[in-house]
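Encoded as structure tokens, the structure appears first; notes follow it.
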Amino acid sequence: MVKWTEEERRIIRGVWEKVDIDEIGEELWARALIVYPWIDRYFGSFGDIFTTTAILKNPKLAALGKVVLSALDTAVKNMDNVKAMYAPLSRQHYEKIKVDPDNFRLLAECITITIACKLRAELNPQVQATWQKFLSAVVEAMNSQYK
Amino acid sequence: MTEQTLLSAKDKATVKAFWAKISSSGEAIGADALSRMLVVYPQTKTYFSHWKDMSPGSAPVKKHGATVMGGVAEAVAKIDDLTAGLLSLSELHAFTLRVDPANFKILSHNILVVLAIMFPTDFTPEVHVAMDKFLAAVARALSEKYR
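As given, the protein sequences belong to chains G and L, one line each in that order.
Everything in the first sequence is counted per this note's numbering, starting at 1 for the first residue and increasing by one.
Everything in the second sequence is counted per this note's numbering, starting at 1 for the first residue and increasing by one.
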């Protein structure tokens, strides 16, 4: 189980309260699909995601962005229990959606960069390090049922 | 594999245009990216034990950040043939510095985070992917002489 100091909890909550789930949710998958276009293999039912223009206005992607960030919200609120909370999600991504788990790392990088655009200098090196520790715990939890 | 198969004409144009906007901030970008790398990925500190001070914004970090971004500037200028253009830098990293190439990816990520923080409106997903590809191509060129 990952251990969190009071300072780390404060920092993570501080970052998260500045994240508007609707706003960031809309941008998240657009950035991921544009930067890592091979992930469109998982989006067969999402309609047109084959040009930058189409990606940027696809409502299903925006909706999925909010789903992902809502799950992240759960992790922020249950930092001591992320692995257990995410076990069903991990199993679902492994058995049903069949997602290569390296994608969790790629999406985590996109999340950090999207948040960096928003928070700017507030995401100083120490804050980035703590946020990175949190996202690594989430990525590890998402990997946990791949066996 | 020639550079033509790695970076498209559009990638190169995007990189050059973005670089023109940001190059005057090169030293600041380098210093911040290096600071973050050392704090967020402490394993990278193993290469700098000869520095008196590895803390963010310290003199050695600033100086080295400027050196690194000087290399990036050179790469932009030689974007049409990175292998030839970065030959002596590749030899330096392979035979003298012997930096494990996995670290190029880590530093690249932190450069992207800094670009997002400093230039949030210019660092669109399209610019993000072009810069990510460019930094990966630079890393590949730097790794050429390793073995």
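Where is the CB? At the ideal position from N, CA and C, for every residue including glycine.
Judged by DSSP in its simplified three-state form, Asp100 (chain L) adopts coil rather than helix or strand. According to the DSSP assignment, Arg120 (chain G) belongs to no alpha helix (DSSP H), since it is labelled neither H nor E. A distance of 8 Å or more separates the beta carbons of Asn103 (chain L) and Arg36 (chain L). When C-alpha distances from Ile29 (chain L) are compared across L:Ser90, L:Asp80 and L:Gly57, the shortest belongs to L:Gly57.
Rounded to the nearest whole angstrom, the CA to CA distance from Asp73 (chain G) to Gly14 (chain G) is 12 Å.
Contact annotation, Lys57 (chain G) with Ile21 (chain G): C-beta distance approximately 19 Å; criterion of less than 8 Å not satisfied. Residue-level contact check: Thr52 (chain G) touches chain L, since one or more beta carbons of chain L fall below 8 Å from its beta carbon. With respect to the 8 Å criterion, Met131 (chain L) and Val15 (chain L) are classified as neighbours on the basis of their beta carbons. Close partners of Ile34 (chain G) in chain L (Cβ separation under 8 Å): Pro125, Glu126, His128 and Val129. Listed in chain order, the non-local C-beta contacts of Gly47 (chain G) below 7 Å within the same chain comprise Asn58 and Lys60, local neighbours out to five positions each way being set aside. Shown here for Lys145 (chain L): same chain residues with a beta carbon closer than 6 Å to its own, the five before and five after excluded, namely Ser90, Glu91 and Ala94 in chain order. Taking the C-beta atoms as reference points, Leu135 (chain G) is found nearer than 8 Å to Ile111 (chain G). Within the region 109–122 of chain L, the residues whose Cβ lies closer than 7 Å to some Cβ of chain G are His109, Leu112, Val113, Ala116, Ile117 and Pro120, listed in chain order.
Only residues of its own chain outside the window of five on either side were considered, and among them Ile55, Leu56 and Leu61 have a CB closer than 7 Å to the CB of Ala30 (chain G), listed in chain order. Interface flag for Arg120 (chain G) against chain L is set, since a Cβ pair is found closer than 8 Å. Less than 8 Å separates the beta-carbon of Ala141 (chain L) from that of Thr83 (chain L).
Per DSSP, Lys45 (chain L) is not a residue of any alpha helix (DSSP H), being assigned neither H nor E. Only those residues of the region 7–41 of chain G whose C-beta falls short of 7 Å from the nearest C-beta of chain L are listed: Ala30, Arg31, Ile34 and Val35. Within the region 67–78 of chain L, not one residue has a Cβ closer than 8 Å to any Cβ of chain G.
Nearest to Ala71 (chain G) by alpha-carbon distance, out of G:Ala141, G:Tyr146 and G:Gln145, is G:Ala141. Rounded to whole angstroms, the gap between the alpha carbons of Ser24 (chain L) and Lys12 (chain L) is 19 Å.
Judged by their CB atoms, Thr52 (chain G) and Ile34 (chain G) are nearer to each other than the 8 Å cut-off. Straight through space, the alpha carbons of Thr124 (chain L) and Glu27 (chain G) are spaced by roughly 10 Å. With a threshold of 8 Å between beta carbons, Pro56 (chain L) makes contact with chain G. One finds Pro125 and Gln128 in chain G with Cβ atoms closer than 7 Å to the Cβ of Arg36 (chain L), taken in chain order. For the set L:Glu74, L:Ala33 and L:Ala73, the Cα lying nearest the Cα of Val61 (chain L) is the one of L:Ala33. Cβ neighbours of Met79 (chain G) within its own chain (closer than 6 Å, five residues either side excluded): Trp4. The shortest CA-to-CA distance from Gln92 (chain G) to any of G:Ile11, G:Lys147 and G:Glu6 is the one to G:Lys147. For the 8 Å CB-CB criterion, Leu7 (chain L) and Lys105 (chain L) do not form a contact. Spanning the alpha carbons of Ile22 (chain L) and Leu38 (chain L) requires a straight line of approximately 23 Å.
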